[in-house]
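Numbering (full-length UniProt numbering), first residue to last: 1 to 453.
No residue lacks a Cβ here, since even glycine has one placed at the ideal position from N, Cα and C.
None of the values given here were measured: they were computed from a predicted structure.
Reviewing the structure listed below.
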Amino acid sequence: MQHQFEQRKSFSHPSSNPKEGLYGNIPKLSYETWFKIFGLLSSGLDHERRFGPIKQDRTPVKIKRLYCQLITAMLWFFAVRGFVLMFIDDKGLAILMGDLSVYWNDYRMYYLMPTFYYAFSSALVATTFLLKERDLSWFIPFMTFSQHQSTDPNDKLGFHRWRTLIFTLFNLTITMWVTGSMGYLTYSSARDNMDAHTFRLFMPWLVVQVIWYFFMTGIIMFTTSYFNLVCLMVQKKFSDVASEIETLAEGDPGPPGSKNDDLTRLYFAHNDLCEITDESNSFWQYILFYIIGNFIPNFCYVMYTLFFGDLDTPLAIFSWFILGHTFLIMAVLSVSAADVSSEAHAPYTSLHTLSLLQLPIDIEVNMSTFLHRVRGPTIGYSILDLFVITNSSISNTVAAIASYFLIVADFSRSTVNQGLIQKAQSKQKAINESLAMTTTSSMLDATTIASIG
Numbered sequence: 001m002q003h004q005f006e007q008r009k010s011f012s013h014p015s016s017n018p019k020e021g022l023y024g025n026i027p028k029l030s031y032e033t034w035f036k037i038f039g040l041l042s043s044g045l046d047h048e049r050r051f052g053p054i055k056q057d058r059t060p061v062k063i064k065r066l067y068c069q070l071i072t073a074m075l076w077f078f079a080v081r082g083f084v085l086m087f088i089d090d091k092g093l094a095i096l097m098g099d100l101s102v103y104w105n106d107y108r109m110y111y112l113m114p115t116f117y118y119a120f121s122s123a124l125v126a127t128t129f130l131l132k133e134r135d136l137s138w139f140i141p142f143m144t145f146s147q148h149q150s151t152d153p154n155d156k157l158g159f160h161r162w163r164t165l166i167f168t169l170f171n172l173t174i175t176m177w178v179t180g181s182m183g184y185l186t187y188s189s190a191r192d193n194m195d196a197h198t199f200r201l202f203m204p205w206l207v208v209q210v211i212w213y214f215f216m217t218g219i220i221m222f223t224t225s226y227f228n229l230v231c232l233m234v235q236k237k238f239s240d241v242a243s244e245i246e247t248l249a250e251g252d253p254g255p256p257g258s259k260n261d262d263l264t265r266l267y268f269a270h271n272d273l274c275e276i277t278d279e280s281n282s283f284w285q286y287i288l289f290y291i292i293g294n295f296i297p298n299f300c301y302v303m304y305t306l307f308f309g310d311l312d313t314p315l316a317i318f319s320w321f322i323l324g325h326t327f328l329i330m331a332v333l334s335v336s337a338a339d340v341s342s343e344a345h346a347p348y349t350s351l352h353t354l355s356l357l358q359l360p361i362d363i364e365v366n367m368s369t370f371l372h373r374v375r376g377p378t379i380g381y382s383i384l385d386l387f388v389i390t391n392s393s394i395s396n397t398v399a400a401i402a403s404y405f406l407i408v409a410d411f412s413r414s415t416v417n418q419g420l421i422q423k424a425q426s427k428q429k430a431i432n433e434s435l436a437m438t439t440t441s442s443m444l445d446a447t448t449i450a451s452i453g
C-alpha cells in the first residue's frame with residue numbers, strides 16, 4: 001500500500017529528485033512532537049535518512065526506535081499486570097507487584113477494572129503506531145492535501161493552528177491532572193498503610209506508576225485529538241465537493257453539455273477523496289476498535305459502580321472522572337468519524353437531480369456509479385471492517401448499550417432488594433432468638449429464686 005500510495009502522489013508532483021517529489025511539501029505537524037514524546041513515533045516525518053548514504057550513522061534512529069519499544073513494553077507490562085491482579089487475593093503478593101488497592105478492601109475492583117481497560121487500550125494503540133509508522137498511513141490525509149496546491153487558506157494546515165493549540169493545552173491539562181492525582185492517591189495509600197522501611201522500598205514502584213499514568217493518559221488524549229483533526233480535514237474536502245455539486249444542481253441547466261466538464265471533475269475529485277479516506281482508514285480502523293472497544297465496557301462498568309456501588313469520596317471522584325473521560329473520548333472519536341461519512345454521502349440528492357440531464361454515455365455511466373457510491377453508508381471510517389461509523393450506527397449502539405444496562409440494572413436492583421430482605425429477616429430472626437434466650441434465662445432465674453426460697 002505504501003508503494004502504491006507514494007507512486008500515485010509522486011505522479012501529481014513530478015520531480016527529478018525523488019526526495020522532493022515525495023516528501024518535499026509535507027507540512028510539519030504539531031502533533032508529531034507529542035507523538036514522539038509519548039513514544040508513538042520514532043522518526044515521524046524525518047524521512048531524509050531514507051535517502052542518505054549507505055554508511056550513514058543509524059544510531060539516533062535506532063535509539064528513538066528503542067525508546068518507542070520501551071514505552072510500548074511498559075504499557076503492555078502494566079496491562080498484563082492489571083489483568084493478573086484482578087485474580088490475586090494475596091495481600092503480600094499484590095503489594096510486591098505494586099498494587100496498593102489491597103488496602104481498599106471492597107473497593108479494589110472498582111479501581112483495577114477501569115485502569116486495566118485504559119492500560120490495554122493504550123498498549124494496543126502504541127503497538128499499532130509502532131508497526132505502521134513507516135507506511136505513513138497515519139499521515140495520509142495531510143500528505144495528500146499538501147501536494148494539491150491551492151490558494152484557499154482553509155486548505156492549509158496552519159488554518160487549524162489555534163484549534164490544535166487549544167486541543168494540545170487541554171490534553172496536557174488532563175494528562176498532568178491524571179498523573180498528579182493518581183500519583184498522589186498511590187503515594188498517600190503507601191504512606192498511610194506502610195511502615196517507613198517498606199515505604200522506602202515501594203518508592204521505585206511509585207515512580208514507575210506515575211510515569212505509566214503520564215504515558216497512558218497522554219497517548220489516549222493526543223491520539224483522539226489528532227484523529228479529530230484528520231476527520232476535520234477530510235470532512236472539509238468532502239464538504240467542498242458537496243457544495244459544488246449542490247451549486248451545480250441548483251443553477252441554471254444551461255445548454256446541453258455545459259455541465260459535462262464540471263460533473264467529470266467532481267466525479268474524480270470525490271473518487272480521489274474516497275481513496276484517501278480508505279487509505280487513512282486502513283490505519284484508524286484498528287485505533288477506533290481498540291479504544292472504543294475497551295471504553296464501552298469500561299463506561300458501563302463504571303456507571304454500574306456509581307449507581308449500585310458503595311464508594312468512599314476519593315473513589316467516587318475517581319469513578320466520576322473515568323465516566324466523563326471515557327464518554328468524552330468515545331464521543332469525539334465517533335462523532336468525528338460520523339461527520340466524515342455524513343459529508344461524503346451528502347451529494348446524493350443533488351446528484352439525482354443532475355442525473356436527469358441529457359448527458360453523454362460515458363458521463364452518464366460515471367453519474368450512475370457516483371449515485372451508487374453515495375447511496376449507502378460505505379464511505380468513511382469504520383470499526384475494523386465491520387461497519388462504517390455513521391450517525392445512525394452511533395444511535396443504534398447507544399440504544400443497545402442503554403437497553404442492556406437497564407436490564408442489568410433491573411436485575412441488580414431486584415437482587416439487592418432480595419438481599420436486603422434476607423438481611424432484614426436474618427436480623428429479625430437474630431433479635432427474636434435473643435429475646436427468646438433472654439426470656440428463657442429470666443424464667444430460669446425466677447424458678448431458681450423460687451426454689452431457693
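Cut-off 8 Å between Cβ atoms - residues of its own chain near residue i, not counting five sequence neighbours on either side
i: residue 111; result: 101, 104, 315 and 318
i: residue 496; result: Within the shown structure, residues of the chain are numbered from 1 to 453, placing residue 496 beyond reach of any answer.
i: residue 167; result: 225, 228 and 229
i: residue 262; result: 244 and 248
i: residue 306; result: 316, 319, 320 and 323
i: residue 354; result: 245, 248, 249, 259, 263 and 367
i: residue 239; result: 343 and 346
i: residue 59; result: none
i: residue 311; result: 107, 110, 305 and 319
Endpoints, the alpha helix (DSSP H) within which residue i is located
i: residue 456; result: With the chain running from 1 to 453 in the structure shown, residue 456 is simply not present.
i: residue 126; result: 108-132
i: residue 360; result: Element bounds for residue 360: n/a, residue is neither H nor E.
i: residue 346; result: No alpha helix (DSSP H) contains residue 346, which DSSP labels as neither H nor E.
i: residue 240; result: 196-250
i: residue 178; result: 161-193
i: residue 309; result: Per DSSP, residue 309 belongs to no alpha helix (DSSP H) and is neither H nor E.
i: residue 33; result: 30-37
i: residue 92; result: 91-96
Other residues of its chain near residue i: CB distance less than 7 Å, five sequence neighbours each side excluded
i: residue 382; result: 281, 285, 388 and 389
i: residue 119; result: 75, 78, 79, 82 and 216
i: residue 94; result: 85, 88 and 102
i: residue 194; result: 202
i: residue 132; result: 138 and 283
i: residue 266; result: 241, 244 and 245
i: residue 191; result: 199
i: residue 65; result: 42
i: residue 309; result: 110
Sub-7 Å separation of residue i and residue j beta-carbons
i: residue 346; j: residue 269; result: no
i: residue 236; j: residue 273; result: no
i: residue 264; j: residue 298; result: no
i: residue 379; j: residue 344; result: yes
i: residue 294; j: residue 122; result: no
i: residue 330; j: residue 292; result: yes
i: residue 113; j: residue 301; result: yes
i: residue 30; j: residue 164; result: yes
i: residue 72; j: residue 136; result: no
i: residue 68; j: residue 39; result: yes
i: residue 140; j: residue 275; result: no
i: residue 205; j: residue 98; result: yes
i: residue 210; j: residue 183; result: yes
Contacting residues, own chain, Cβ-Cβ under 6 Å from residue i (five flanking each side not counted)
i: residue 223; result: 125
i: residue 260; result: 363
i: residue 384; result: 285 and 289
i: residue 409; result: none
Cβ contact check for the segment 333-345 and the segment 224-239: 3 or more pairs under 8 Å: yes
Any 3 or more C-beta pairs closer than 8 Å across the segment 203-222 and the segment 168-179: The answer is yes - the segment 168-179 touches the segment 203-222, with three or more Cβ pairs under 8 Å.
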